[in-house]
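Residue numbers (my numbering): 2 to 367.
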């Protein structure tokens, strides 16, 4: 048996209606721990409202709120559900022992109390609790490190596209911020069919920057052409979703099980040129068959194309761009999504102004 307590700074609550038991257990534990004594379950619950504890020793048989009643309340409340509970009882039978464990107790000490047993059991469970906390911190750290690695991979891939020309780099920043604003709106509205899990929303924002990654495989003579594209050249441009998906597929194959975060990226790449009525590309998807991430990206991508100056066209104002989007709602864009996001569109001009193309010197966004 463990004779020396493991955690000297732990705070322990002892709950027992017997003053003798409270005094005896407190004398055993107080040289090593901060001990609090409660004569009833009701008093203990009030104490818990204002105090943080590491372990509870709980008498099963008490008048009023029994130990069974109290642990049920503890396990229903996230503030206390993880606190280890050791039951104290004079009942030496399998049925009461089984009930205690079913309710969530971590151990079971029989009365009359043995000081050696109490010290050993308390020390063991505080040590286990210390290891649990350390493991949780390690998991949190690993999760954070994984997120940093994922962001670095996404940034690396998007930088490949943005370095082709400055126009693409600024476009990536603007569209990513448009997508983020739309998703914030969806999270506030919580419309059925448009509710995103936290992970999906997070990955959609992070992956938006990759929507045009396939353009790195388009010949410079077409991608950087200073003029309107021919139909044949535009057919080549229309290949960039599949080309981008191929790049992501190769990355997924290299990363193996660690690649799940790229699933949304691939979804966006393949879906952001699909149209609500089904006449988009590359797969001709329609309606809700188009992934939500792709429908969101389509709005951001088209808006930015409309308000951006190109060698073959002038930039539209915000109002002109919104007129186009409004006229294409129900054909190109998801009508419900457009309706939900109307308040968000007012934020787009400030985003566009913050991430302007270097060549764009005229204030055309107003």
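Cβ coordinates follow ideal geometry from the N, Cα and C atoms, glycine included.
- Item | Three-pair Cβ contact test at 8 angstroms for the region 270–290 versus the region 209–220 | yes
- Write down the C-beta distance between residue 119 and residue 30 rounded to the nearest angstrom, noting that I regard them as a contact closer than 8 angstroms. Translated into the one-based positions of the chain shown, residue 119 becomes position 118. Translated into the one-based positions of the chain shown, residue 30 becomes position 29. 7 angstroms between Cβ atoms; contact.
- Task: Would you list, in sequence order, the uninterrupted beta strand (DSSP E) runs of no fewer than 3 residues that lie entirely inside the region 57–139?
- Result: 86–90, 108–111
- Check each candidate in 246, 264, 186, 249 and name the one with the smallest Cα separation from residue 204. Residue mapping note: residue 204 aligns to position 203 of the chain shown, counting from 1. For residue 204, the nearest C-alpha among the options comes from 264.
- Query: Are the CB atoms of residue 23 and residue 38 nearer to each other than 8 angstroms?
  - Reply: Reading the chain shown from its first residue, position 22 is the one you call residue 23. Reading the chain shown from its first residue, position 37 is the one you call residue 38. Against a cut-off of 8 angstroms, the Cβ pair of residue 38 and residue 23 comes out as a contact.
- Task: Can you have a look at residue 55 and say buried or exposed, based on whether 16 or more other CB atoms are within 10 angstroms of its CB?
- Result: Counting from one through the chain shown, the residue named residue 55 turns up at place 54. It counts as buried.
- Just how far apart, CA to CA, sit residue 192 and residue 127? In the chain shown, counting from the first residue as 1, residue 192 sits at position 191. In the chain shown, counting from the first residue as 1, residue 127 sits at position 126. About 45 angstroms.
- Message: Can you list, in chain order, the residues of its chain with a C-beta nearer than 6 angstroms to that of residue 338? Leave out the 5 residues immediately preceding and following it.
- Response: What you label residue 338 is simply residue 337 of the chain shown in a count that begins at 1. Correct list, in chain order: 296.
- Message: Just to confirm the assignment, what range does the beta strand (DSSP E) spanning residue 24 have?
- Response: Looking up residue 24 in the chain shown gives position 23. First-last for residue 24: 20–30, but that is the alpha helix (DSSP H), not the beta strand (DSSP E).
- Message: So, at 6 angstroms on beta carbons, what are the nonlocal neighbours of residue 91 in its own chain, with the 5 sequence-adjacent residues on each side left out?
- Response: The count along the chain shown starts at 1 and reaches residue 91 at position 90. Closer than 6 angstroms at the Cβ level, and outside the excluded window around residue 91, lie 112.
- Query: Fully enclosed by the region 266–330, which alpha helix (DSSP H) runs are 4 residues long or longer?
  - Reply: 293–308, 319–328
- So what's residue 351 in DSSP terms, helix, strand or just coil? The residue given as residue 351 occupies position 350 in the chain shown. Reduced to three states, the DSSP call for residue 351 is helix.
- Leaving out the 5 sequence neighbours to the left and right, which residues in its chain are closer than 8 angstroms to residue 80 when beta-carbon positions are compared? Residue 80 sits at position 79 when you count from the first residue of the chain shown. Counting only Cβ-Cβ distances below 8 angstroms, and skipping sequence neighbours, we find 49.
- Message: Quick check on the burial criterion: 16 or more other C-beta atoms within 10 angstroms. Buried or exposed for residue 1?
- Response: Nothing about residue 1 can be reported from this structure: the residues present for the chain run from 2 to 367 only.
- Item | Endpoints, beta strand (DSSP E) assigned at residue 198 | Here residue 198 is taken as the residue at index 197 of the chain shown, counted from 1. No beta strand (DSSP E) contains residue 198, which DSSP labels as neither H nor E.
- Query: What first and last residue would you give for the alpha helix (DSSP H) that runs through residue 12?
  - Reply: For the purposes of this step, residue 12 is taken as the residue at position 11 of the chain shown. Residue 12 -> not in any alpha helix (DSSP H); beta strand (DSSP E) instead, spanning 12–16.
- Query: Start and end of the beta strand (DSSP E) containing residue 241?
  - Reply: Counting from 1 along the chain shown, the entry for residue 241 is found at position 240. No beta strand (DSSP E) contains residue 241, which is instead part of the alpha helix (DSSP H) from 241–256.
- For residue 82, is the classification buried or exposed, using 16 other Cβ atoms within 10 angstroms of its Cβ as the cut-off for buried? Walking along the chain shown from the start, residue 82 turns up at place 81. Its Cβ having fewer than 16 others within 10 Å, residue 82 is exposed.
- Message: With H, G and I counted as helix, E and B as strand and the rest as coil, what does DSSP make of residue 346?
- Response: Along the chain shown, read from residue 1 onward, the residue named residue 346 stands at position 345. Residue 346 falls in the helix class under three-state DSSP.
- So, helix, strand or coil for residue 334, using DSSP? Along the chain shown, read from residue 1 onward, the residue named residue 334 stands at position 333. Note: residue 334 maps to strand in three-state DSSP.
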